[in-house]
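In my numbering, the protein residues as written are 4 to 113.
Input: a single structure, listed below in C-alpha coordinates.
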Amino acid sequence: MTIYSAREARIPHLTPLDLIFFGSEEGLVVSEEYFKELYRSLQGVNFAGKKGVLFSNSSRGIKALKEMVRDSELYLYSIPLICAKEPVEKDISLWLRNIEKEFLLGGRER
4 MTIYSAREAR IPHLTPLDLI FFGSEEGLVV SEEYFKELYR SLQGVNFAGK
54 KGVLFSNSSR GIKALKEMVR DSELYLYSIP LICAKEPVEK DISLWLRNIE
104 KEFLLGGRER
(Lines of atoms letter the chains of each structure in order from A and count residues from 1; the text may use other names and numbers.)
(Lines give C-alpha, C1' and ligand atoms only; values in the text may rest on other atoms or scores of the structure.)
Protein backbone atom coordinates (compact mmCIF):
# COMPACT_ATOMS: atom_id res chain seq x y z
CA MET A 1 0.00 0.00 0.00
CA THR A 2 1.20 3.48 -0.87
CA ILE A 3 -0.24 6.67 0.60
CA TYR A 4 -0.20 9.93 -1.35
CA SER A 5 -1.26 13.32 -0.07
CA ALA A 6 -3.29 15.57 -2.38
CA ARG A 7 -0.03 17.44 -3.01
CA GLU A 8 1.72 14.24 -4.16
CA ALA A 9 -1.08 12.35 -5.93
CA ARG A 10 -0.80 12.09 -9.69
CA ILE A 11 -3.10 10.30 -12.10
CA PRO A 12 -0.35 7.85 -13.19
CA HIS A 13 -0.12 6.76 -9.52
CA LEU A 14 -3.86 6.09 -9.35
CA THR A 15 -4.83 4.54 -12.69
CA PRO A 16 -3.08 1.17 -12.21
CA LEU A 17 -4.76 0.59 -8.83
CA ASP A 18 -7.75 -1.71 -8.40
CA LEU A 19 -8.86 -0.18 -5.09
CA ILE A 20 -8.39 3.50 -4.27
CA PHE A 21 -9.04 5.13 -0.88
CA PHE A 22 -9.78 8.87 -0.93
CA GLY A 23 -9.76 10.68 2.41
CA SER A 24 -10.18 14.21 3.63
CA GLU A 25 -10.51 16.30 6.70
CA GLU A 26 -13.65 18.27 7.48
CA GLY A 27 -12.20 21.47 6.10
CA LEU A 28 -11.61 20.11 2.60
CA VAL A 29 -12.24 22.84 0.11
CA VAL A 30 -11.92 21.74 -3.49
CA SER A 31 -10.75 25.24 -4.44
CA GLU A 32 -7.62 24.95 -2.25
CA GLU A 33 -4.43 24.72 -4.26
CA TYR A 34 -3.60 20.99 -3.98
CA PHE A 35 -7.16 19.71 -4.00
CA LYS A 36 -8.00 22.03 -6.88
CA GLU A 37 -5.21 20.48 -8.94
CA LEU A 38 -6.24 16.94 -7.98
CA TYR A 39 -9.89 17.77 -8.73
CA ARG A 40 -8.89 19.21 -12.11
CA SER A 41 -6.75 16.15 -12.85
CA LEU A 42 -9.57 13.75 -12.01
CA GLN A 43 -11.90 15.38 -14.52
CA GLY A 44 -11.69 13.28 -17.63
CA VAL A 45 -10.07 10.28 -15.94
CA ASN A 46 -11.97 7.06 -16.42
CA PHE A 47 -11.76 4.69 -13.46
CA ALA A 48 -14.29 2.24 -14.95
CA GLY A 49 -13.69 -1.17 -13.41
CA LYS A 50 -11.87 0.36 -10.43
CA LYS A 51 -13.21 0.43 -6.90
CA GLY A 52 -13.07 3.35 -4.52
CA VAL A 53 -13.60 4.05 -0.85
CA LEU A 54 -14.20 7.41 0.81
CA PHE A 55 -13.39 8.43 4.37
CA SER A 56 -13.45 11.68 6.29
CA ASN A 57 -14.16 13.10 9.71
CA SER A 58 -17.29 14.84 8.41
CA SER A 59 -20.14 14.47 5.95
CA ARG A 60 -18.91 17.68 4.27
CA GLY A 61 -15.59 15.98 3.57
CA ILE A 62 -17.39 12.97 2.05
CA LYS A 63 -19.52 15.29 -0.09
CA ALA A 64 -16.38 17.06 -1.40
CA LEU A 65 -14.70 13.73 -2.20
CA LYS A 66 -17.80 12.47 -4.03
CA GLU A 67 -17.72 15.66 -6.08
CA MET A 68 -14.05 15.06 -6.94
CA VAL A 69 -14.69 11.55 -8.36
CA ARG A 70 -18.25 12.12 -9.60
CA ASP A 71 -17.58 11.76 -13.33
CA SER A 72 -14.77 9.20 -13.13
CA GLU A 73 -16.97 6.05 -13.23
CA LEU A 74 -15.23 4.86 -10.05
CA TYR A 75 -17.39 2.25 -8.33
CA LEU A 76 -17.67 3.51 -4.75
CA TYR A 77 -18.15 1.34 -1.70
CA SER A 78 -21.65 2.05 -0.46
CA ILE A 79 -20.71 3.12 3.08
CA PRO A 80 -18.13 5.88 3.43
CA LEU A 81 -16.35 6.04 6.77
CA ILE A 82 -17.10 9.15 8.79
CA CYS A 83 -14.93 8.90 11.86
CA ALA A 84 -14.17 11.06 14.84
CA LYS A 85 -10.83 12.79 15.19
CA GLU A 86 -9.86 9.89 17.46
CA PRO A 87 -11.41 6.90 15.63
CA VAL A 88 -12.11 3.64 17.41
CA GLU A 89 -9.89 0.92 15.99
CA LYS A 90 -12.57 -1.79 16.14
CA ASP A 91 -14.96 0.38 14.08
CA ILE A 92 -12.34 0.94 11.41
CA SER A 93 -11.45 -2.76 11.41
CA LEU A 94 -15.09 -3.72 10.87
CA TRP A 95 -15.41 -1.17 8.05
CA LEU A 96 -12.28 -2.56 6.36
CA ARG A 97 -13.51 -6.16 6.73
CA ASN A 98 -16.78 -5.17 5.07
CA ILE A 99 -14.88 -3.53 2.19
CA GLU A 100 -12.81 -6.68 1.82
CA LYS A 101 -15.95 -8.81 1.82
CA GLU A 102 -17.76 -6.70 -0.79
CA PHE A 103 -14.90 -5.75 -3.07
CA LEU A 104 -12.31 -8.47 -2.78
CA LEU A 105 -14.31 -11.54 -1.91
CA GLY A 106 -17.40 -10.72 -4.00
CA GLY A 107 -19.72 -10.72 -0.97
CA ARG A 108 -18.43 -14.06 0.33
CA GLU A 109 -17.10 -14.69 3.81
CA ARG A 110 -13.51 -15.86 4.11
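All C-beta atoms, glycine included, are put in the ideal place defined by N, C-alpha and C.
Once the 5 residues before and after Ala-87 are set aside, which same chain residues still bring their CB inside 7 Å of it?
Correct list, in chain order: Asn-60.
Between Val-48 and the rest of its own chain, which residues show a CB-CB distance below 8 Å, the 5 nearest in sequence each way excluded?
Within the same chain, and ignoring the five residues on either side of Val-48 in sequence, the residues whose Cβ sits closer than 8 Å to its Cβ are Ile-14, Leu-17, Thr-18 and Ser-75.
Kindly indicate which three-state DSSP category Ile-85 falls into: helix, strand or coil?
strand
What is the rounded straight-line gap between the Cα of Asp-21 and the Cα of Gly-52?
Here the alpha carbon of Asp-21 sits roughly 8 Å from the alpha carbon of Gly-52.
According to DSSP, what are the bridge partners of Ile-23?
Gly-55
Identify whether Leu-175 lies in helix, strand or coil by the three-state DSSP scheme.
Any answer about residue 175 is impossible in this case: the structure gives the chain only from 4 up to 113.
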